[in-house]
Amino acid sequence: MNKITIAMIEVGYGHKGPALALQRALQDLLLDSGSVEVVDFPRYVGAFRSDRSLKNSWDMALKSPFLVRGAYVAMEALYPRHGPLLRLMLSDFFTLGGEYLRSAPPDLFIATHPLCAMVATAARRRYNLDFPVASLVVDPFDAYSLWADRAVDGFFVHSAEAHRRLLQHRIPEDRIKRVPYPQLPAMEVPQRNREEIRHEYGVGESGRPVALVTSGAQGIGKVYGFVKRAFREGFPMDFLVVTGKNGDLYRDLSSLVEKTEAGSPRLISLSYVKNMGDLYAACDVVLGKAGASTFMEALRWRLPMVFTEWAGQNDYLLLQYAVQNGVGWYAPRYGAFIRTLASLAASQDRSIAQERMDVLDFRFGTDEIADRLLQLQRNFGGF
2 MNKITIAMIE VGYGHKGPAL ALQRALQDLL LDSGSVEVVD FPRYVGAFRS
52 DRSLKNSWDM ALKSPFLVRG AYVAMEALYP RHGPLLRLML SDFFTLGGEY
102 LRSAPPDLFI ATHPLCAMVA TAARRRYNLD FPVASLVVDP FDAYSLWADR
152 AVDGFFVHSA EAHRRLLQHR IPEDRIKRVP YPQLPAMEVP QRNREEIRHE
202 YGVGESGRPV ALVTSGAQGI GKVYGFVKRA FREGFPMDFL VVTGKNGDLY
252 RDLSSLVEKT EAGSPRLISL SYVKNMGDLY AACDVVLGKA GASTFMEALR
302 WRLPMVFTEW AGQNDYLLLQ YAVQNGVGWY APRYGAFIRT LASLAASQDR
352 SIAQERMDVL DFRFGTDEIA DRLLQLQRNF GGF
């Protein structure tokens, strides 16, 4: 029985979503000949101190981005000598993760978070284990120093930019393969059509454009304040606002909506949504924080995106790609935000952005990634 472990850390959906998509694709290929597990690695092995530290740091980074930006610069400056520092800071993760892999070694270890790959390669060295380690670099346009663990056997990237970043970190080119970006659940076409979904939520009446507002699972970001103000000022656009885990925000927006007059623009406050694909299908534009899964989903749906902020440099590179290719706009202040929305309210401007998306050198699909990973396993030691 072929045992495959896909390890991630649930800090945002950008690591979890690709892991789940890859699990489905691998299971379809293996059928009954193997098992594929997805684990939130530090939590799964009982490294609760590291788990709390990593997840609290992520929440803090969303509120104070300068922290993650400083950490990014420090890790780049220390590379490739950052390993001992990380093993000290996350000692229980490296210890317990290594013990788990020694007791139950997989036939293939796949990481969608760089720290998971580092724990696996450290365990392999320490215990003389023999299984391939692959990194699915889920940052579409970056491969920063944490990803560039030279003991990893295969790196799977989604763009020429990420490929180049690994080469800059002196990763051998024959270990790097470019693959499509995973087909996330929110990229799947819903069974209902656009008009049916709009009718359900009560948006898009009288030809008003509809915006999807999202800032990740935590529901933290200045975009919510911008949208709240635009709604109060009567901006002619309907907003589907996903607040995620932020219960206070959900209640605040819900109370605001109660005062809405009939026929005026709509703001629909949503907490957790089972099928984000419905919302993308109903919308004309996406508003929110720069994040891999959100931008990739917007790109797959051919929706222009307005970015209001970014956390780490990897997110900035994503934003930069969107702006340089004319498929996204950066509006960190309310004045720029409302002017950009006014421009995108015109269907012609949205159509121009969609035409630019159609010529981008970017692909989506998970089956090819799964096939390449199984090929790495068969040819352990090189592609």
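Its first residue numbered 2, the sequence shown is counted upward by one per residue in my numbering. Glycine is no exception: its CB is placed at the ideal position from the N, C-alpha and C atoms.
Asked                                                                                                            : Found
Test: L375 CB closer than 8 Å to a CB of chain D                                                                 : No chain D appears in the structure shown, which is made up of a single protein chain.
Distance, G71 Cα to T309 Cα                                                                                      : 20 Å
D41 - containing beta strand (DSSP E), residue span                                                              : 35–41
Counterpart residues of M9 in DSSP-defined beta bridges                                                          : D41
N- and C-terminal bounds of the beta strand (DSSP E) containing R176                                             : No beta strand (DSSP E) contains R176, which DSSP labels as neither H nor E.
For G217 and G313, believed in contact at Cβ under 8 Å, the rounded distance                                     : The Cβ separation is near 13 Å, so there is no contact.
Coarse secondary structure for Y317, derived from DSSP in three states                                           : helix
When A20, G208, H16 are compared against I7, the one with the closest alpha-carbon                               : A20
Member of D52, A323, V286, M188 whose CA lies at the smallest distance from the CA of P141                       : A323
Any 3 or more C-beta pairs closer than 8 Å across the region 172–185 and the region 150–158                      : yes
Distance, Y317 Cα to R166 Cα                                                                                     : 15 Å
C-alpha distance - A121 paired with E100, whole-angstrom precision                                               : 10 Å
Any 3 or more C-beta pairs closer than 8 Å across the region 192–203 and the region 212–231                      : no
4-residue-minimum alpha helix (DSSP H) runs that sit fully inside the region 186–271, ordered along the chain    : 195–202, 224–233, 248–258
Bridge partner(s) assigned by DSSP for N3                                                                        : G35
Distance, R364 Cα to F384 Cα                                                                                     : Note that F384 has pLDDT 48, beneath the 50 cutoff, so the model's placement of it is unreliable and the number below is only indicative. The alpha-carbon atoms of F384 and R364 are separated by roughly 21 Å.
Touch test, the region 241–251 against the region 201–217, Cβ-Cβ under 8 Å, three pairs minimum                  : yes
Buried versus exposed call for E11 [16 or more other C-beta atoms within 10 Å across all chains shown]           : buried
Counterpart residues of A112 in DSSP-defined beta bridges                                                        : A8, S136
Rounded separation between K17 and A118 - CA only                                                                : 15 Å
Alpha carbon of R82 to alpha carbon of G235, nearest angstrom                                                    : 54 Å
Three-way DSSP call (helix, strand, coil) for T367 in this model                                                 : coil
A75 classed as buried or exposed, judged by whether at least 16 other C-beta atoms fall within 10 angstroms      : exposed
Counterpart residues of Y331 in DSSP-defined beta bridges                                                        : F308
Exposed unless 16 or more other CB atoms sit within 10 angstroms - verdict on F42                                : buried
Close-in-space but distant-in-sequence residues of the same chain around E369 (CB under 8 Å, 5 per side omitted) : V180, P181
Backbone CA spacing between R334 and L116 [nearest angstrom]                                                     : 34 Å
Coarse secondary structure for L288, derived from DSSP in three states                                           : strand
Outcome for S104 when other beta-carbon atoms lying within 10 angstroms are tallied against a minimum of 16      : exposed
Three or more C-beta pairs below 8 Å linking the region 352–362 and the region 300–307                           : yes
Residue span of the beta strand (DSSP E) that contains V158, given as start and end                              : 155–158
Y14 - partner residues in DSSP beta bridges                                                                      : Looking at the DSSP assignment, Y14 forms no beta bridge with any residue, so it has no partner.
Beta-bridge pairing of Y182 - partner residues as DSSP gives them                                                : F365
Length of the line joining the Cα atoms of R171 and S270                                                         : 47 Å
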